[in-house]
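K.L.:
Chains as they are written, first to last, in our numbering: chain A, 1 to 94; chain B, 1 to 94; chain C, 1 to 94; chain D, 1 to 94; chain E, 1 to 94; chain F, 1 to 94; chain G, 1 to 94.
Backbone N, C-alpha and C define an ideal beta-carbon position, used for all residues, glycine too.
Submitted below is the structure of interest, expressed as C-alpha cells.
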Amino acid sequence: MKLMPLGDRVIIKMMEAEEKTKGGLILTGSAKEKPEVAEVIEVGPGGLVDGKEVKMTVKKGQKVITSKYSGTEVKVDGEEYTIVRQGDILAVVE
Amino acid sequence: MKLMPLGDRVIIKMMEAEEKTKGGLILTGSAKEKPEVAEVIEVGPGGLVDGKEVKMTVKKGQKVITSKYSGTEVKVDGEEYTIVRQGDILAVVE
Amino acid sequence: MKLMPLGDRVIIKMMEAEEKTKGGLILTGSAKEKPEVAEVIEVGPGGLVDGKEVKMTVKKGQKVITSKYSGTEVKVDGEEYTIVRQGDILAVVE
Amino acid sequence: MKLMPLGDRVIIKMMEAEEKTKGGLILTGSAKEKPEVAEVIEVGPGGLVDGKEVKMTVKKGQKVITSKYSGTEVKVDGEEYTIVRQGDILAVVE
Amino acid sequence: MKLMPLGDRVIIKMMEAEEKTKGGLILTGSAKEKPEVAEVIEVGPGGLVDGKEVKMTVKKGQKVITSKYSGTEVKVDGEEYTIVRQGDILAVVE
Amino acid sequence: MKLMPLGDRVIIKMMEAEEKTKGGLILTGSAKEKPEVAEVIEVGPGGLVDGKEVKMTVKKGQKVITSKYSGTEVKVDGEEYTIVRQGDILAVVE
Amino acid sequence: MKLMPLGDRVIIKMMEAEEKTKGGLILTGSAKEKPEVAEVIEVGPGGLVDGKEVKMTVKKGQKVITSKYSGTEVKVDGEEYTIVRQGDILAVVE
Numbered sequence: 001m002k003l004m005p006l007g008d009r010v011i012i013k014m015m016e017a018e019e020k021t022k023g024g025l026i027l028t029g030s031a032k033e034k035p036e037v038a039e040v041i042e043v044g045p046g047g048l049v050d051g052k053e054v055k056m057t058v059k060k061g062q063k064v065i066t067s068k069y070s071g072t073e074v075k076v077d078g079e080e081y082t083i084v085r086q087g088d089i090l091a092v093v094e
Numbered sequence: 001m002k003l004m005p006l007g008d009r010v011i012i013k014m015m016e017a018e019e020k021t022k023g024g025l026i027l028t029g030s031a032k033e034k035p036e037v038a039e040v041i042e043v044g045p046g047g048l049v050d051g052k053e054v055k056m057t058v059k060k061g062q063k064v065i066t067s068k069y070s071g072t073e074v075k076v077d078g079e080e081y082t083i084v085r086q087g088d089i090l091a092v093v094e
Numbered sequence: 001m002k003l004m005p006l007g008d009r010v011i012i013k014m015m016e017a018e019e020k021t022k023g024g025l026i027l028t029g030s031a032k033e034k035p036e037v038a039e040v041i042e043v044g045p046g047g048l049v050d051g052k053e054v055k056m057t058v059k060k061g062q063k064v065i066t067s068k069y070s071g072t073e074v075k076v077d078g079e080e081y082t083i084v085r086q087g088d089i090l091a092v093v094e
Numbered sequence: 001m002k003l004m005p006l007g008d009r010v011i012i013k014m015m016e017a018e019e020k021t022k023g024g025l026i027l028t029g030s031a032k033e034k035p036e037v038a039e040v041i042e043v044g045p046g047g048l049v050d051g052k053e054v055k056m057t058v059k060k061g062q063k064v065i066t067s068k069y070s071g072t073e074v075k076v077d078g079e080e081y082t083i084v085r086q087g088d089i090l091a092v093v094e
Numbered sequence: 001m002k003l004m005p006l007g008d009r010v011i012i013k014m015m016e017a018e019e020k021t022k023g024g025l026i027l028t029g030s031a032k033e034k035p036e037v038a039e040v041i042e043v044g045p046g047g048l049v050d051g052k053e054v055k056m057t058v059k060k061g062q063k064v065i066t067s068k069y070s071g072t073e074v075k076v077d078g079e080e081y082t083i084v085r086q087g088d089i090l091a092v093v094e
Numbered sequence: 001m002k003l004m005p006l007g008d009r010v011i012i013k014m015m016e017a018e019e020k021t022k023g024g025l026i027l028t029g030s031a032k033e034k035p036e037v038a039e040v041i042e043v044g045p046g047g048l049v050d051g052k053e054v055k056m057t058v059k060k061g062q063k064v065i066t067s068k069y070s071g072t073e074v075k076v077d078g079e080e081y082t083i084v085r086q087g088d089i090l091a092v093v094e
Numbered sequence: 001m002k003l004m005p006l007g008d009r010v011i012i013k014m015m016e017a018e019e020k021t022k023g024g025l026i027l028t029g030s031a032k033e034k035p036e037v038a039e040v041i042e043v044g045p046g047g048l049v050d051g052k053e054v055k056m057t058v059k060k061g062q063k064v065i066t067s068k069y070s071g072t073e074v075k076v077d078g079e080e081y082t083i084v085r086q087g088d089i090l091a092v093v094e
C-alpha cells in the first residue's frame, strides 16, 4: 500500500531522535513551531496549485527540516507518515 | 438520484473503519484535523474557480485521504456522502 | 415582479422538506453549515466579478445543494427566495 | 447640489416601506444582513478599482436589492442617500 | 511649507460644519463610519501602488465625501489636514 | 558603518520636536497612528517585492511623514534610525 | 553536515552581543519585533515562491538585520542557526 500525494504535497517520515543525534543535528525551537528532521518518501507532481504554478524541488530520499505542527499525520502498514506542502519545508540537510 | 459536483468539488464516500483495517491503513491525527480514507464517487469539471484555472486530477473510484472536518455531508437514498474541494484531498491511496 | 441577479449571483428557492423526502434525498450536516436542496430560479450574467472572469454553469430549473446560511433571503409576491453566489453552490442534483 | 460617486460606487435611495408593499415585494432577512429595495440615483464611472477593471452594469432609475448595513449614508438637501459599491448590489427588481 | 502626498494618497481639509449647512449638505452616518465633506488640497501622482496601477481621478479644489476615521491627521502652519487614499473617497460633491 | 535597506525599505531618522516646531509643522493624530516627520537617510533599490514591481520615489534627504508605530528601530554608532517600507510613507514635506 | 535552504529562505547565524558592540551597532526595538544582527550562512535558490518570482539579493557572508522572532531556529553540529525568508531581512550592514 502506497500514498501518492497530490499537487504540491510531500509525504515525509520523521526521523528518530537517535539518528538525529548521530548526525550531529540537534534541533531547538520556539514553543510555537518546533522543527523536525524528516526523510522525503513521496513527492507530489506539482503543477497548478491554487492557480499558481508550483515546481517540485525536493526529491525522494532527501532529509529535510520542517515544522512539527505543519501537515497531517497518517499511519500506513504500521508506519507513521506526515503529509506537508513543499512550501512548509525549510531546508534540505546535506 | 445523482449528485454532480460543481467546479473543483469532489463527492467522496468515507470508508468503514473495518475496510481501512483490512487494507492495513490506520489513521492517526492531531485533534485539529483528523484524516479519513474515502472513495471518490463523482468529480467536478474543474475549470475557472475563483478566477483560477483548476485541472481535476483525482478520478472516480480512487481512494483518497482528506480531513474529516473539511466538506459538507449529504445523505442521498440512504447513503452519506461528503462534498469537498479537490484542494482538500491530501493523497491518493494506491 | 421579477428579480434579476447581478454578476455571479443566482436566485434559488428552497424546496419543501416533503419534496426532498419524495426524491429520496435527506440532508445531514454539521452544525456549522447545514446543506439544503433548492431550485434555481434565475442566473446572473457572470462576467467580471472582483476582477475575475466568472462563467455561469448552473441553469434555471436545476436542483442544487447549497448551504443554508449562505446568501440573502427575500420575499417577492409572497414567495421566499435566496440570493447566493454561484461559488456557494456545491452540486447539482440529477 | 449633486453627488458623483467615484470608481465602482453607486448612490442609491432606500424606498419607503409602503412603495415596497405596493410592488408586492416584502423583504425578510437574517439578523446579520437585512436586504432593502433602493432606487439607483447615480452610478460611478467604474474603471480600475483596486487594480481590477470594473464595468458598471446597474443604471440610474433601476430598483435594486442590497444589504441594509453595507454602504455609507449621507443627507443632501434634506434627502437621505446611501453610497454602496456595485458589488454589494445583489439583484435588480424588474 | 507644503505636503506632497505619495502614491494614491490625497491631502484633504475637512470643511467647517457651517459651510456644510450653507451648501445644504448634512451628513448622517452609522457609529462605525461617519462621513465628512472635505476639500481636496493635494493629489498624489498615482502610478503603481501595491503592484497595481492607480490613476488619480480627484482634483485639487474638489469637495469630496470620505469617512471620518480613515486617514491620518497632520497640522501644518496651524491648519489641520488629513491624508487619505483615493480609494477612501466615496463621492465628489458638485 | 552603514545600513543598506533591502527591497522597498527606506531608512529614516525621526526629527527632533524642536526642528518640527521651527518649520511650523505640528502633528496631531489619533491614538492609533501618530504621524512623525523624518529625514530619509537611505533608500532601498526597489524591484520585485512580494512578486510586485516597486519603484522607489522617495529620495535621500527628503523630509517625510510616516506613522510612529510602523517600522523597526535600530541604533547605529549612537544614532537611532527607523526602517520602514516606502508604502508606509504618507507624504513628502516641501 | 550542511543545511541548504529552499525557495526564498536564507540561513543566518545571530552574532554575539560583543561583536555588535565592537562594531558600534546597538539595537533597540519595540517589544513586538526586536531586530538582530546576523551573518548570512546559506542563501536559497529563489525562483517561484507562492507563484511569484523571487530573486535572491543577499549574499553569503553579509551582515544583515532581521527580526528576532521571525524564522525557525536549528542547531547543527553544536552551532545555532535561524532559517528566515529573504523578505524578513530588513537591511544589510556595511
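#1: Might you give, ordered along the chain, the residues of its own chain that have their beta carbon closer than 8 Å to the beta carbon of K42(A), omitting 5 neighbours on each side?
#2: Taking just the CA atoms, how far does G46(C) sit from T57(C)?
#3: I need the boundaries of the beta strand (DSSP E) containing T66(A), first residue and last residue.
#4: From the beta carbon of T82(A), is the nearest beta carbon of chain G less than 8 Å away?
#5: Find the nearest neighbour of K63(D) within the set V40(D), T82(D), L90(D), judged by alpha-carbon distance.
#6: Please report the straight-line C-alpha distance between E80(F) and E73(F), rounded to a whole angstrom.
#7: Going by Cα to Cα distance, which pick from D8(F), E94(F), V76(F), R85(F) is closest to D77(E)?
#8: Is DSSP giving G51(B) helix, strand or coil here?
#9: With 9 Å as the C-beta to C-beta threshold (strictly closer), list the residues of the segment 39 to 64 of chain D near chain E in chain order.
#10: So the beta strand (DSSP E) E79(D) belongs to, where does it begin and stop?
#11: Applying the criterion that 16 or more other CB atoms from any shown protein chain within 10 Å of the CB defines a buried residue, is E53(C) buried or exposed?
#12: Is any beta-carbon of chain A found at less than 8 Å from that of G71(B)?
#13: Do you know how far the Cα of V84(C) is from the Cα of D8(B)?
#14: Using the rule of at least 16 other Cβ atoms within 10 Å of the residue's Cβ for burial, across every protein chain shown, is L90(E) buried or exposed?
#15: For I89(B), decide whether its Cβ has a neighbour in chain A, counting only Cβ atoms nearer than 8 Å.
#16: Would you mind reading off the limits of the beta strand (DSSP E) that contains T57(B)?
#17: Can you give me the start and stop residues for the beta strand (DSSP E) that P45(C) sits inside?
#18: Pull up the distance between the alpha-carbon of L48(A) and that of G87(A), whole angstroms please.
#19: Name the chain D residues whose beta carbon is nearer than 9 Å to that of E36(E)?
#20: Going along the chain, which residues of its own chain have a beta-carbon closer than 8 Å to the beta-carbon of K13(B), five neighbours each way excluded?
#21: Which partner residues does K13(A) have in the DSSP bridge list?
#22: Could you give the DSSP three-state label for D88(F): helix, strand or coil?
#23: With 8 Å as the threshold, decide whether the Cβ of K2(G) is near any Cβ in chain A.
#24: Tell me, please, which residues DSSP counts as bridged to L3(D).
#25: List the residues of chain D whose Cβ lies closer than 9 Å to the Cβ of I12(C), in chain order.
#26: With a threshold of 8 Å between beta-carbons, can E94(E) be considered close to chain D, or not?
#27: Going along the chain, which residues of its own chain have a beta-carbon closer than 6 Å to the beta-carbon of V92(A), five neighbours each way excluded?
#28: Against chain E, with Cβ distances strictly below 8 Å, would D8(D) count as a contact?
P.N.:
Taking the structure as given:
#1: Residue numbering aside, residue 42(A) sits at position 42 when the first sequence is read from its first letter. Per the sequence presented here, residue 42(A) reads as Glu, with Lys not at that position. If we look at E42(A) and ignore the five residues flanking it on each side, its Cβ neighbours are K2, L3, M4, P5, V10, I11, K60.
#2: By one-based count along the third sequence, residue 57(C) stands at place 57. By one-based count along the third sequence, residue 46(C) stands at place 46. Distance between the alpha carbons of T57(C) and G46(C) is about 9 Å.
#3: Looking up residue 66(A) in the first sequence gives position 66. Its beta strand (DSSP E) spans residues 63 to 67.
#4: The sequence position of residue 82(A) within the first sequence is 82, counting from 1. So no, T82(A) is outside the interface.
#5: Counting from one through the fourth sequence, the residue named residue 63(D) turns up at place 63. Of the listed residues, the one whose Cα sits closest to K63(D) is V40(D).
#6: As a position in the sixth sequence, residue 80(F) is number 80, starting the count at 1. As a position in the sixth sequence, residue 73(F) is number 73, starting the count at 1. Looking at the two C-alpha atoms, the distance is approximately 7 Å.
#7: For the purposes of this step, residue 77(E) is taken as the residue at position 77 of the fifth sequence. The option with the nearest alpha carbon to D77(E) is E94(F).
#8: Taking the first residue of the second sequence as 1, we reach residue 51(B) at position 51. Coil.
#9: E42, G44, P45, G47, L48, V49, D50, G51, K52
#10: Within the fourth sequence, residue 79(D) is the residue found at index 79, counting from 1. From DSSP, the beta strand (DSSP E) with E79(D) extends over 79 to 85.
#11: The sequence position of residue 53(C) within the third sequence is 53, counting from 1. The residue is exposed, with fewer than 16 neighbouring Cβ atoms inside 10 Å.
#12: Along the second sequence, read from residue 1 onward, the residue named residue 71(B) stands at position 71. Not closer than 8 Å to any Cβ of chain A, the Cβ of G71(B) fails to qualify, so no.
#13: Locating residue 8(B) in the second sequence gives position 8, where the first residue counts as 1. Locating residue 84(C) in the third sequence gives position 84, where the first residue counts as 1. Straight-line Cα distance between these residues: approximately 18 Å.
#14: By 1-based counting over the fifth sequence, the position of residue 90(E) is 90. Answer is buried; the Cβ neighbour count reaches 16.
#15: Mapped onto the second sequence, residue 89(B) falls at position 89. Chain A contact via Cβ: present.
#16: Stepping through the second sequence from its first residue, residue 57(B) is reached at position 57. Element bounds for T57(B): n/a, residue is neither H nor E.
#17: As a working note, residue 45(C) is residue 45 in the third sequence. No beta strand (DSSP E) holds P45(C); DSSP gives it neither H nor E.
#18: As a first step, residue 48(A) is located in the first sequence; it is residue number 48 there, counting from the start. As a first step, residue 87(A) is located in the first sequence; it is residue number 87 there, counting from the start. The alpha-carbon atoms of L48(A) and G87(A) are separated by roughly 14 Å.
#19: Numbered from its first residue, the fifth sequence carries residue 36(E) at position 36. Here the premise fails: no neighbours, minimum Cβ distance about 10 Å.
#20: Residue mapping note: residue 13(B) aligns to position 13 of the second sequence, counting from 1. Only A38, E39, I41, E79, E80, Y81, T82 meet the Cβ criterion.
#21: The count along the first sequence starts at 1 and reaches residue 13(A) at position 13. E39(A).
#22: Mapped onto the sixth sequence, residue 88(F) falls at position 88. D88(F): helix per DSSP, three-state reduction.
#23: Position 2 of the seventh sequence holds residue 2(G). By this cut-off, K2(G) is an interface position.
#24: Your numbering for residue 3(D) matches position 3 in the fourth sequence. Answer is V93(E).
#25: Here the question's residue 12(C) lines up with position 12 in the third sequence. Result: empty, since nearest Cβ-Cβ is about 12 Å, beyond 9 Å.
#26: Stepping through the fifth sequence from its first residue, residue 94(E) is reached at position 94. Chain D contact via Cβ: present.
#27: Along the first sequence, one-based indexing puts residue 92(A) at 92. Correct list, in chain order: Q62, V64.
#28: Counting from one through the fourth sequence, the residue named residue 8(D) turns up at place 8. By this cut-off, D8(D) is not an interface position.
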